[in-house]
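Following the working numbering, the numbering of the sequence shown begins with 16 at its first residue and continues without gaps.
Cβ coordinates follow ideal geometry from the N, Cα and C atoms, glycine included.
Structure record follows, encoded as structure tokens.
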Amino acid sequence: MENDALQDAIHQLEELLERKKAAVPRHSVRPYQLLEIEELEEELLELKKRKKAVSQSENGLEEGP
């Protein structure tokens, strides 16, 4: 169940990140815009790591004795 919630959060964050990147004007990027994008990318990476850890623990539990 947690895996599904993480996947939904990842999907939403990926969409937000794409919108933020598309909204940045190529000719006049402001530092705060780059920081927002970097923060979103870091958050996305952390969510993907958590999802992988949850998936591995779920798979480990399913194998059982």
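Under 7 Å between C-beta atoms of residue i and residue j
| i | j | result |
| --- | --- | --- |
| Leu55 | Leu21 | no |
| Asn18 | Ser70 | yes |
Coarse secondary structure for residue i, derived from DSSP in three states
| i | result |
| --- | --- |
| Arg65 | helix |
| Asn18 | helix |
| Pro46 | helix |
| Arg41 | coil |
Integer-rounded CB distance, given that residue j should sit under 8 Å from residue i
| i | j | result |
| --- | --- | --- |
| Leu50 | Glu29 | Actually they do not touch by this definition, with Cβ atoms about 19 Å apart. |
Option nearest residue i by Cα separation, candidates the options
| i | options | result |
| --- | --- | --- |
| Gln27 | Val44, Arg45 and Lys63 | Lys63 |
| Lys36 | Ile25, Ser43, Ile52 and Asp23 | Ile52 |
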